[in-house]
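Working notes for the structure below.
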Amino acid sequence: MTDADLMRRALFHAARAAGATTPNPMVGAVVLSEGGVIVGQGRHPRAGEPHAEVFALDEAGARARGGTMYVTLEPCCHYGRTAPCTKRLIASGLARIVVAMKDPNPLVNGRGIAELRAAGLQVDVGLLEPEAVRLNQAFVTVHTEGRPEVILKVAASADGRIAARRGTRTAISSEPANRRTQRLRAAVDAVAVGSGTVLVDDPLLTVRETVRTRPLVRAVFDRRLRTPPTARLLSTLDEGPVVILSSAESLAREAGRARALAEAGAIVLPGADAVEGGLRALLAFDVSSVLVEGGAVLHRALLDAGLVDTAHLIVSPRTLGAEGVPVFGTGVLGVAGIAPRTVEWVGPDRWMEFDVHGHR
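First residue of the sequence shown: 296, per the working numbering; consecutive thereafter.
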């Protein structure tokens with residue numbers, strides 16, 4: 296197997312922990328013996344538990360001596376919840392470390408690589424770096440932009456509408472697409488909607504029909520504090536916290552509403568005078584990735600502010616007509632500054648995923 300083959304194996308192991316490691320990154324590691332045999336593999340399962348390198352070295356044991364480790368992220372060199380991986384790597388007797396990408400965390404950011412090289416190990420950096428960055432886009436965004444990764448998801452009709460008319464709940468995507476949406480929810484740290492979506496759809500915003508190991512934060516961008524205390528999502532607090540992001544002005548003017556929401560179990564915070572402030576407020580809840588499911592006003596605000604990193608657009612074959620609510624507030628399915636990543640059929644719907652570069 297080539298170096299690239301072995302790094303792909305490490306990336307595969309890292310991705311198995313999707314949705315479980317925040318605020319830590321997903322990391323995978325593979326150890327190849329001096330004789331060219333895979334003798335250890337591992338992934339970081341969740342924050343507070345050993346890192347991928349430790350699991351791989353534990354499995355490899357003495358067979359790691361003289362061998363090579365392939366790891367998807369620069370090994371850590373500082374004490375946190377666990378000891379530095381660099382110390383363990385140096386003690387293992389490995390001869391070479393192949394690293395996919397540097398760690399953007401200021402506590403590491405090249406220091407781990409430098410420490411390994413200073414100890415005499417050969418360290419090669421950058422193999423399959425784009426794939427590694429994409430896998431940990433949430434972690435990278437937190438450390439480079441100071442906010443969570445924003446993943447926009449919208450279901451639209453073939454004529455660019457998200458509802459039959461304003462104020463009307465309209466089912467658009469198919470059951471296969473809905474099941475895929477549940478898997479997408481299971482892989483992120485938070486699901487967010489605007490207050491209009493809460494008023495019209497009254498969604499639960501829970502993960503169903505798939506496994507999730509961590510509580511899911513549900514966030515409502517509600518600058519005018521319109522969310523009713525009877526909203527269904529407040530009946531699902533066992534699934535994770537519900538955070539209402541409002542403006543300081545509304546919290547002062549509508550103190551009674553804020554108190555009623557808090558009594559219903561919501562966490563009511565200022566910070567949504569601008570959408571970026573609301574996103575930054577979510578970092579306090581260990582949210583590194585946010586799936587924004589609606590509605591058109593919130594989608595448009597995020598796009599206009601250049602805060603969207605990835606967009607998932609589900610296009611149904613049905614049409615809704617001129618009275619329908621336009622997607623992104625304009626009815627135009629295309630968005631300036633996007634690059635198509637994948638287009639595939641999910642049941643009768645087209646599921647399109649885009650990289651969005653407007654914020655870069």
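For every residue, glycine included, the Cβ atom is placed at its ideal position computed from N, Cα and C.
For residue i, which option in the options has the closest C-alpha, if you only look at C-alpha atoms?
i	options	result
H438	E424, V418 and K397	K397
A342	E588, P318 and R383	P318
D604	V620, R429, G616 and R554	R429
L411	R509, L532, G421 and L384	L384
L529	Q417, L416, E549 and L500	L500
V502	P621, N473 and P524	N473
A409	A617, A550, T381 and R311	T381
V418	P621, E549 and D298	D298
V641	P345, P471 and A386	P471
T377	N431, V349 and V638	V349
P399	A359, T476 and E440	E440
A359	A550, A386 and E639	A386
Answer yes or no: do residue i and residue j have a C-beta to C-beta separation smaller than 8 angstroms?
i	j	result
L593	G462	no
L586	L494	no
R507	G314	yes
V393	L422	yes
R518	D599	no
I446	I457	no
F580	V512	yes
L556	P524	yes
S452	T614	yes
A591	V622	yes
L532	G560	yes
N431	P320	yes
H339	A347	yes
What residues in its chain sit with their C-beta under 6 angstroms from that of residue i, if we drop five residues either side in the sequence?
i	result
M296	none
E558	none
T367	A305, L306, A309, V322, G323, A395 and A427
L628	Only weak support is given to the placement of L628: the predicted model assigns it a pLDDT of 48, under 50, and the question is left unresolved by the model.
G589	V488 and T492
A459	T465, L615 and G619
V563	I539, A553, L556 and A557
T522	S490, V493, V515 and I539
P565	A543 and L546
L416	I392
R475	V641
Taking the beta strand (DSSP E) that residue i falls in, what are its first and last residues?
i	result
P510	Unbroken run through P510: none, as it is neither H nor E.
K448	E444 to A451
H607	T605 to V610
E648	D644 to V651
P471	Where P471 is concerned, there is no enclosing beta strand (DSSP E), although the alpha helix (DSSP H) it sits in stretches over E470 to A481.
V435	Element bounds for V435: not the beta strand (DSSP E) but the alpha helix (DSSP H), Q432 to E440.
I539	V537 to S541
V570	Taken as a continuous stretch (DSSP letters only), V570 belongs to no beta strand (DSSP E), being part of the alpha helix (DSSP H) at V570 to A576.
A324	G323 to L327
Near residue i, which residues of its chain fall below 8 angstroms by C-beta distance, leaving aside the five closest residues on each side in sequence?
i	result
P443	A433, T436, V437, D484, A485, L574, L577, L578, V582, S583, S584 and V585
E424	A395 and M396
Could you please give the first and the last residue of the uninterrupted alpha helix (DSSP H) stretch that includes residue i?
i	result
A310	D298 to A310
H594	A591 to D599
A487	No alpha helix (DSSP H) contains A487, which is instead part of the beta strand (DSSP E) from A485 to G489.
L615	It is not in any alpha helix (DSSP H) - L615 carries neither H nor E in the DSSP assignment.
T381	C380 to S387
R413	The question names Arg, but residue 413 is Ala in the sequence shown. Taken as a continuous stretch (DSSP letters only), the alpha helix (DSSP H) holding A413 covers R406 to A413.
G551	A550 to E558
A355	A347 to A355
Apart from the five residues just before and just after residue i, which ones in its own chain have a Cβ nearer than 7 angstroms to its Cβ?
i	result
D497	A526 and R527
G361	E329, G388 and A390
A482	A313 and G314
R655	Reliability fails at R655, whose pLDDT of 46 lies under 50, so the model's placement of it is uncertain and no value is given.
L301	V325, L327 and Y365
R636	E648, F649 and D650
T316	H339, R341 and A342
Is the Cβ of residue i closer than 8 angstroms to any Cβ of chain D?
i	result
R645	The question asks about chain D, but that chain is absent: this structure has only one protein chain.
Any 3 or more C-beta pairs closer than 8 angstroms across the region 318-334 and the region 347-355: yes
Three-pair Cβ contact test at 8 angstroms for the region 557-575 versus the region 536-544: yes
Contact the region 402-411 vs the region 361-375: 3+ CB pairs below 8 angstroms: yes
Three CB pairs or more closer than 8 angstroms across the region 635-650 and the region 603-617: yes
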